[in-house]
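To start, the structure under review is shown below, and the notes come after it.
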Amino acid sequence: MMGAERRTSMAERRPSTLNQSSFSMERRASSVVVPHLAGIEDPLPDTTPDKVDVVVVGTGLVESILAAALAWQGSNVLHIDSNSYYGDTSATLTIDQLKQWVQDVNQGSLKCYENAKLHISSVVGRGSYKSRDFGIDLSPKILFAKSDLLSILLKSRVHQYLEFQSLSSFHTYENDSFERLTNTKQEIFTNPSLPLMTKRNLMKFIKFVLDWENQQEVWLSYRDKPITSFLVNKFKLERAQVYELIFSIGLCYNIDVKTPEALQRIRRYLTSFDVYGPFPVLYSKYGGPGELSQGFCRSAAVAGATYKLNETLVSYDPESKTAIFGDGSRVTVTEKVVAAPTQCPKNSRNVPEQMFEVQRLTCVVDKPCLEWFGEGEYAAVVVFPPGSLKSGNRQAVQALIMGAGSDVCPAGSSVWYLTSTESGPRGEMDLDAAFGALEESIIRESSADIENDSGILEVDTSGHFTLNSVKLGQSFKEHISGERIQVLVKLYYKQLTSTPPFEVVDPSIFDVNDPVDGVDKKLVPGASDNGVLYTALPSAEISYDEAVTAARVLFQRIVGSDDDFFDLDFEDEDDTDQMNESAVVDDEDDRMDIGLSAEMSVEPVEFAGEMEI
Amino acid sequence: MENLKLNKEGHVSYIKSLDSKRQDYEYWLSEHLRLNGVYWGLTALCLLDAKDTFNKQEIIEFVRSCWDSKTGGFSAFPGHDAHIHTTLSGIQVLATYNALDEVLAGEMLKQCISFIKDNQLSDGSFQGDRFGEVDARFVYSALSALSILGALTPEVVDPAVAFIKLCYNFDGGFGLCPGAESHAAMSFTCIGALAIVGKLGELSADQIENIGWWLCERQVPEGGLNGRPSKQPDVCYSWWVLSSLAIIRKLDWISFEKLREFILKSQDPKSGGISDRPDNEVDVFHTIFGLAGLSLMGYDGLVEIDPVYCMPTSVTKTFKKYPY
Amino acid sequence: MHGVKRREWTQELVRQKRLRDVEKIVAYKTLTNDVLSAKKDGVFTHQKLDTTRKLLELNPEFNAVWNYRRDLISALKSELSLEFWNNELAFTMQQLKLFPKVYWIWNHRLWCLNHFPQSPIGKWQQELAIVSKLLTMDARNFHGWHYRRVVVGRLEQMLHTSLNQQELDFTTEKINANISNFSAWHQRANLLPKMFEKGQVSNEKSFVEHEFRYIINAMFTDAEDQSVWFYIKWFVKSDIVTKSLSPGEYASLLQDLKDNITLINEDELEFSGKENMWCLKILCVLEELQMKDVGRVETQQRKILDKLTKIDPLRQNRYLHLAQDSKENVD
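Protein chains in written order, with the numbering used here: chain C, 1 to 613; chain U, 1 to 324; chain V, 1 to 331.
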């Protein structure tokens with residue numbers, strides 16, 4: 001066990017007295033109630049309780065959300081993890097932890113992972129690169145500004161444990177170059193290379209998609225057809241826009257995605273834009289799902305859940321309702337044992353089949369990659385649509401690039417997370433090809449001889465813009481540099497999951513051990529996990545969208561209804577006081593009255609720019 | 001929606017209840033608007049044909065107590081400072097009760113007239129008080145107050161009209177001062193002021209057409225009216241926009257039916273009162289302007305309102321019309 | 001209340017609120033009485049600067065207290081340090097962030113700048129930066145735009161130079177950020193005639209052509225947006241266009257615009273089965289201009305108005321009125 005070495009925990013970084021100035025409205029801040037931080041800063045208990053309502057095994061994101069939801073609903077929760085750190089499949093690991101993790105995978109002691117290969121440059125571990133300067137996510141994710149998870153983060157106040165940064169740069173790789181997305185009204189308006197009619201078509205589509213469900217007359221005849229035909233025939237969009245919409249905005253995995261499904265995904269991006277500012281997604285600093293899992297565990301602890309790390313489930317007997325743990329302790333469980341497939345007990349026979357593959361290539365390179373980030377940002381998404389790579393990829397490869405500003409790697413470097421849903425050796429080839437494309441591109445773009453791009457877009461004094469040359473990227477197609485980038489860390493692995501690629505968890509997998517028509521399923525003789533409810537492992541989906549659904553479904557299985565799923569109200573009495581002055585976010589007009597500055601209400605309007613969650 | 005009805009009794013009892021909220025912090029926070037509030041409440045009651053709901057003598061005494069003898073105008077509340085706008089409210093309340101002569105006479109009347117006139121600046125505009133905030137609203141307040149007092153003169157009117165004409169914008173709206181963006185409330189203050197001094201003819205036929213166009217574009221699909229392009233609808237614009245349209249005789253350029261529905265939906269069906277838009281908290285300000293809008297459209301048996309003065313026509317018909 | 005959701009108040013909630021209000025009311029009334037009686041008695045002390053500030057923090061709409069505060073400042077002026085003035089500006093900023101639509105605060109800030117010791121030019125330049133920031137956060141704040149014009153006016157006076165070009169660039173920046181920002185289009189339409197008049201535009205004809213392309217671009221980006229159409233309606237009739245172009249050039253500009261609008265309208269019809277009402281409204285204006293200025297005889301106006309009464313029923317009486325007018329003109 002590498003227990004001694006770890007990254008600064010959330011509790012250490014974020015003390016109980018939170019800096020409230022990061023809140024949007026100072027006035028509001030006074031009424032914010034931060035749940036008292038108990039729990040996981042306290043020493044973990046030596047003994048387990050005798051009796052609990054629910055045992056949750058594994059501290060991955062879904063399990064952690066579930067534990068928090070159950071704890072706040074009033075259930076008595078025991079939450080354990082066999083690792084010495086929080087997060088399980090969602091963990092954020094240091095280099096040393098990663099080494100151990102790879103070893104564990106290859107020895108077969110970590111289930112649901114295969115084929116882990118790790119290369120670590122000799123410069124890591126000494127000098128300027130320390131092991132714990134790195135925070136590598138096992139399943140990197142981005143958070144849409146308008147999403148279930150974000151509203152639960154706010155409602156549960158777990159967001160107060162976290163620090164978020166924005167991500168607005170989405171690139172599509174086409175013809176050996178990156179195109180930055182043109183997807184906002186502003187970008188469409190000011191982009192001098194888009195033909196007028198294309199601008200119109202694109203805007204028309206963007207307006208439509210925001211309310212697509214209510215406009216059946218537009219899309220119904222395309223219900224069973226791929227989104228491509230819809231975009232081309234109905235909106236007359238060109239290939240470049242179609243690819244952007246499907247792959248970069250919709251973050252779909254291939255061209256055959258059906259129209260309604262793709263529209264849903266495209267809308268997700270667009271409605272998230274400008275919710276907190278001019279960007280669609282956020283991510284948490286210091287590591288993604290690893291941080292969020294920790295946050296939810298902390299919240300669960302505040303609500304009374306008991307935590308134990310380095311603890312394993314040995315067996316569960318549904319007859320006597322007794323769970324036995326690795327340290328020999330036993331607990332009576334009144335409701336349910338829920339476990340991540342990665343932490344199933346020895347001799348388990350009931351783990352659902354993990355039939356889908358997620359292949360990942362995670363690299364830390366010695367380039368800051370600022371060229372890809374938006375202004376003041378530290379992350380970007382690059383999408384390689386099918387057929388865009390030398391490997392002739394059939395599925396899209398998605399890359400999440402995180403810079404040093406997000407505090408997951410040392411200054412001057414960046415982390416590249418590449419993900420593919422392609423199975424078998426092809427997946428690894430696609431990932432390699434995508435890595436090569438990224439590498440060539442960053443060498444090109446960061447070379448000094450092409451820094452001067454001022455001649456391309458000219459803005460005259462009155463603000464009229466003209467395009468003088470082709471777009472950046474294409475014009476340097478011929479540029480080949482002998483330089484290579486230095487790879488500090490390179491990690492391949494394959495993760496298995498029961499969730500189909502890029503889809504939300506299928507609730508039927510939870511049926512495995514569930515009573516059918518009130519009759520318990522036949523127990524598997526000799527199995528150590530009869531009656532255990534297994535969670536779904538993360539899919540390749542780059543957003544967090546599946547996590548809440550999965551946790552909610554499990555919650556419903558355990559509690560019987562999802563009415564109390566994060567039915568929280570931390571608002572204190574101060575809020576109810578604001579009878580006439582409650583701060584309502586509103587784009588309301590200035591009230592101008594002959595009644596003068598009249599009227600009783602003081603009308604605070606948010607200075608949107610200061611919004612920060 | 002056929003079941004939408006004007007909740008007359010509700011509105012009367014809501015307005016009546018306003019002065020019984022002394023246990024609420026907000027009541028005290030709104031002292032600086034009390035005299036305006038009295039004007040809004042009283043005018044709303046007049047429209048509802050329930051003028052007697054307020055105790056006339058008490059109200060007159062209250063107006064009297066708001067007199068600021070140092071400056072010679074009315075303040076919003078005893079001990080506050082006189083301002084052109086609150087002075088107009090005081091005069092409007094007194095005129096509605098036909099009590100001008102009783103309260104504002106002799107030396108006091110003279111003082112009040114010179115308070116208003118002294119706040120006119122060299123460009124014809126008016127400042128609200130000695131601290132110099134200039135705004136077309138104050139031009140309206142001044143001209144309306146002087147008109148009710150029968151004290152308009154060409155020396156005051158002509159430069160004021162010149163100023164208002166400078167507030168006209170290319171889009172057909174008016175701004176709070178020359179160069180400022182068009183705003184529906186300013187259309188009312190500018191057009192209303194011109195109407196009060198009989199100078200609507202200073203606007204060309206083209207301008208009137210343009211004004212009408214800009215105003216009718218304020219109506220949004222929900223039926224309500226907004227104050228500027230791409231803004232949300234708000235019940236109070238039912239007054240600023242409709243009164244302006246009425247004055248230039250283009251009242252029917254918007255859809256009455258849709259606007260009426262929007263205003264009625266903004267009522268509090270239980271306790272009365274009207275809010276800025278459906279399901280929001282009501283207040284007396286939106287109550288009067290919602291009712292005034294309905295009255296202009298001739299609905300619901302409301303008493304007729306004068307689009308120029310925002311007072312019952314039964315009161316304004318007694319005013320002397322300038323030029324005298 | 002503007003933008004405040006109505007909520008259900010149970011008896012119990014009202015009781016609880018009133019209980020909490022008791023203390024607040026006492027504190028507020030005590031403070032108000034203290035300030036108003038000192039004001040009445042003409043007390044001008046530093047201590048009252050503190051009390052008025054406290055009261056204004058509770059109620060920034062209390063104009064009499066702002067007035068009294070200004071009188072206090074004027075009376076104590078010789079004893080007040082530069083730091084006081086800077087704090088006063090910081091205080092108004094703090095209040096504006098909470099209550100960006102209260103006139104009195106804006107007003108007081110302006111008064112402070114005007115009375116700032118020596119009213120240094122640097123303060124005003126800083127103010128311009130502040131208001132730019134503010135308009136980034138709330139791009140259509142009415143007060144902000146008004147305030148900006150006041151600050152610019154003051155700076156021009158002090159610097160003896162025109163800031164029109166800089167202000168025009170600012171409108172471009174705002175429009176590029178959001179073409180529905182009518183406040184910026186408004187400002188643009190105000191600035192351009194001034195700049196043309198003062199000879200601040202080097203090549204007027206080419207400027208007009210550029211501007212024409214700019215609005216065409218905007219029109220294609222969002223043909224539903226009123227802001228752009230109101231600007232176009234001004235642009236085609238404005239002196240900056242008619243005086244910069246020859247009659248032939250003007251005629252072809254109008255036709256070019258008409259063709260583009262027609263293109264958009266036809267596209268809309270094909271897509272949704274309905275014509276675009278703003279296209280029709282502006283086509284109507286163009287038809288009239290062509291008749292008046294270019295001497296065209298035949299006009300589609302009647303046909304367009306007919307369509308408008310159907311697709312824009314809210315305003316049908318206006319179209320009927322226009323149809324009546326055009327008939328009278330023909331007769």
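Quick reminder that beta carbons are idealized off the backbone N, C-alpha and C, glycines included. Given the structure is predicted, the values throughout are model-derived calculations rather than measurements.
Environment of residue i [buried if 16+ CB atoms lie within 10 Å]
i: V:His186; result: buried
i: C:Leu210; result: exposed
i: C:Ser315; result: buried
i: V:His46; result: exposed
i: C:Ile117; result: What sits at residue 117 of chain C in the sequence shown is Lys, not Ile. Its Cβ having fewer than 16 others within 10 Å, C:Lys117 is exposed.
i: V:Val26; result: exposed
i: C:Leu154; result: exposed
i: U:Gln57; result: exposed
i: C:Asn214; result: exposed
i: V:Val208; result: buried
i: V:Leu280; result: buried
i: C:Phe296; result: buried
Near the ligand MN: residue i beta-carbon under 6 angstroms from a heavy atom
i: C:Leu167; result: Inclusion of the ligand MN in the displayed structure is not the case, the ligand content being empty and no account of it being possible.
Cβ-Cβ separation, residue j to residue i (assumed contact under 8 angstroms), whole Å
i: C:Val383; j: C:Ser413; result: No, C:Val383 and C:Ser413 are not in contact; Cβ-Cβ is about 22 angstroms, not under 8 angstroms.
i: V:Val236; j: V:Leu263; result: No, V:Val236 and V:Leu263 are not in contact; Cβ-Cβ is about 17 angstroms, not under 8 angstroms.
i: U:Trp214; j: U:Gly293; result: 18 angstroms between Cβ atoms; not a contact.
i: V:Ile261; j: V:Ile282; result: 6 angstroms
i: C:Pro386; j: C:Arg394; result: 6 angstroms
i: U:Cys177; j: U:Ala205; result: With 8 angstroms as the limit, U:Cys177 and U:Ala205 do not qualify as a contact, their Cβ atoms being about 25 angstroms apart.
7 angstroms Cβ cutoff, residue i in contact with chain V
i: C:Arg200; result: yes
i: U:Asp81; result: yes
i: U:Tyr309; result: no
i: C:Leu467; result: Legend: pLDDT at C:Leu467 = 38, less than 50; position of this residue unreliable, no value from coordinates given.
i: C:Leu263; result: no
i: C:Gln186; result: yes
i: U:Phe170; result: yes
i: C:Phe205; result: no
Residue-level contact to chain C via CB, residue i, 7 angstroms cutoff
i: V:Ala184; result: no
i: V:Asn317; result: no
i: V:Phe170; result: no
Residue-chain proximity (residue i, chain U), Cβ-Cβ < 7 angstroms
i: V:Gln301; result: no
i: V:Lys5; result: yes
i: V:Leu244; result: According to the sequence as given, residue 244 of chain V is Ser; it is not Leu. False, the Cβ-Cβ gap to chain U never drops below 7 angstroms.
i: V:Lys24; result: yes
7 angstroms Cβ cutoff met for residue i and residue j
i: U:Phe174; j: U:Cys190; result: yes
i: V:Lys5; j: U:Asn119; result: no
i: V:Leu55; j: V:Val35; result: yes
i: C:Val77; j: C:Val54; result: yes
i: U:Gly79; j: U:Phe115; result: no
i: C:Ala396; j: C:Phe247; result: yes
Query raised in the report: Any contact of the stretch 330–349 of chain C with the stretch 96–106 of chain C, i.e. 3+ C-beta pairs under 8 angstroms?
Result: With a cut-off of 8 angstroms on Cβ pairs, the stretch 330–349 of chain C is not in contact with the stretch 96–106 of chain C, counting fewer than three such pairs.
Query raised in the report: Do three or more CB pairs link the stretch 264–280 of chain C to the stretch 139–151 of chain C at distances below 8 angstroms?
Result: Yes, they touch.
Query - Inter-stretch contact at 8 angstroms, needing at least 3 Cβ pairs: the stretch 254–271 of chain U / the stretch 223–239 of chain U - result: Output reads yes: the stretch 223–239 of chain U touches the stretch 254–271 of chain U.
Query raised in the report: Between the stretch 483–496 of chain C and the stretch 364–376 of chain C, are three or more C-beta pairs nearer than 8 angstroms?
Result: As far as the Cβ criterion goes, the stretch 483–496 of chain C touches the stretch 364–376 of chain C, which means the pair count is three or higher.
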